[in-house]
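The sequence shown begins at -3 in my numbering and counts up one residue at a time.
Beta carbons: idealized from backbone N, C-alpha and C, even for Gly.
Scroll down for the structure; my scribbles are underneath it.
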Amino acid sequence: MFDWWRRLSRGEAIAAAFPAQFRELILRRVPCALLLTADELAKLEALVRIFSSEKTFEGAGGFALTEEMRVVIAARACLLVLHRVELDSPLYPDLDTVLVYPSSYRVRGQRRDGYVTIEGDEVRLGESWSRGLVVLSWDAVVSGSANPNDGHDVVLHEFAHQLDAEDGAMDGTPELDSLERYSVWSHVAGKEYAALLDDLERHRKTFIDAYGATNAPEFFAVVVELFFEKPLTLERRHAELYAELSRFFRFDPAERLRDAGTGSPR
Ligand SMILES: [Zn+2]
-3 MFDWWRRLSR GEAIAAAFPA QFRELILRRV PCALLLTADE LAKLEALVRI FSSEKTFEGA
57 GGFALTEEMR VVIAARACLL VLHRVELDSP LYPDLDTVLV YPSSYRVRGQ RRDGYVTIEG
117 DEVRLGESWS RGLVVLSWDA VVSGSANPND GHDVVLHEFA HQLDAEDGAM DGTPELDSLE
177 RYSVWSHVAG KEYAALLDDL ERHRKTFIDA YGATNAPEFF AVVVELFFEK PLTLERRHAE
237 LYAELSRFFR FDPAERLRDA GTGSPR
């Protein structure tokens, strides 16, 4: 089915049918999917079709990707931009290819520079290149999506790096609407990052994963995972940071959870 989508124009991709089992997969495996309105869910499905028709999915080393695998990855990537893009606007314009390894993989002698961020040291779970490539390990995708509310998701993480890089620099600050927003972002994220470093130095338990202390881009990617997977707790414990992320994503999952009246602690 995805091969068929690949040859569709935007209009055709938007109009194409979306199989019921893919919708179920999204509702079960994608964080916040149950909080979306019917219109938002329909838009997410259209974005998934567009993503699938415009981006190349490749299995590394002969790994055979199924349609379900592509849907799980595409839906998470598209959730991040659901309220930021329209169906006729560019969708991850710098991204060409999603390369998927069957499991965590080893790469030796890989240089690091400003264009790439690599998760882990020798054994990698995923990586995001600002020039057209996201690399994922399928077992990390599975463990991240097994529980959509555990605060960890390698797909959200790697695509957060893509968003971060869209303004030309993978620096932990995504493209914002105004100079004022950059100023507030810089103040809030800077303060939270410093607090995380301080807590770790003092061996205090932190809600934000220690991996976020690696550098500013990792901090951004880690808090994006929390924003979608543990929005209530992020809002309660890091209110200003939550508010800035909510402005950026144009989405307030914590408010939706409260409105939905779910008492489950997240
Ligand atoms: Zn990262």
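For residue i, count neighbouring C-beta atoms within 10 Å of its own C-beta (all shown protein chains included) and say buried if the count is 16 or more, exposed if not.
| i | result |
| --- | --- |
| A13 | exposed |
| K51 | buried |
| E225 | buried |
| W0 | Note on W0: pLDDT 48, under 50, position unreliable in the model; no value is reported. |
| D149 | buried |
| A60 | exposed |
| Q17 | exposed |
| R197 | For the sequence presented, residue 197 should be read as Glu rather than Arg. Exposed is the call here. |
| K39 | buried |
| D248 | buried |
| S99 | exposed |
| D109 | For D109, the predicted structure reports a pLDDT of 45, less than 50, and the residue's modelled location is therefore unreliable. The matter cannot be settled from this model. |
| E54 | exposed |
| A209 | buried |
| S85 | exposed |
| R107 | Residue placement at R107 cannot be trusted, given a pLDDT of 46 that sits under 50; what the coordinates show is reported in the next sentence. Exposed, since its Cβ has fewer than 16 Cβ neighbours within 10 Å. |
Starting from the C-beta of residue i, find all residues in its chain whose C-beta is less than 6 Å away, skip the five residues before and the five after it, and write them out in chain order.
| i | result |
| --- | --- |
| A56 | L95, Y97 |
| I22 | A29, A71 |
| E41 | F14 |
| G259 | Low confidence applies here, because G259 scores a pLDDT of 48, under 50, leaving its location unreliable and the question unanswered by this model. |
| P144 | P27 |
Rank the options by C-alpha distance to the C-alpha of residue i and give the top, closest one.
| i | options | result |
| --- | --- | --- |
| E171 | F216, N143, G208, K201 | F216 |
| A156 | R66, L91, R233 | L91 |
| R127 | D194, E63, P89 | P89 |
| R243 | D194, S174, L132 | S174 |
| S124 | A11, H79, E36, Q158 | Q158 |
| F203 | Y178, G7, D255, R233 | R233 |
| Y178 | E214, D160, G58 | D160 |
| F245 | D195, H79, T33, N145 | H79 |
| D35 | L83, A209, T210 | L83 |
| T93 | E214, S139, L132, E176 | L132 |
So, residue i versus residue j, is the Cβ gap smaller than 8 Å?
| i | j | result |
| --- | --- | --- |
| L222 | G147 | yes |
| Y162 | V130 | Here the sequence assigns Glu to residue 162, which means Tyr is not the residue at that position. No, these two residues do not count as a Cβ contact at 8 Å. |
| V26 | L75 | yes |
| V218 | Y207 | yes |
| L192 | L228 | no |
| E236 | A250 | no |
| I46 | R19 | no |
| L31 | A256 | yes |
Take residue i and list the residues in its own chain whose beta-carbon comes closer than 8 Å to its own, dropping the five residues that flank it on each side.
| i | result |
| --- | --- |
| A212 | D167, G168, T169, A185, Y189 |
| G105 | With a pLDDT of 45 at G105, under the threshold of 50, the modelled position of this residue cannot be trusted, and the question is left open. |
| V81 | L43, L87 |
| S141 | R25, V26, V68, R72, D149, V151 |
| Y238 | F223, P227, L230, E231, A250 |
Can a CB atom of chain B be found closer than 8 Å to the CB of residue i?
| i | result |
| --- | --- |
| L83 | Within the model displayed, chain B is absent; a lone protein chain is all it includes. |
Once you ignore the five residues that flank residue i on each side, which residues in its own chain have a CB closer than 7 Å to its CB?
| i | result |
| --- | --- |
| W181 | T169, L172, E240 |
| V44 | V67, A70, A71, C74 |
| D195 | T202 |
| D205 | V218 |
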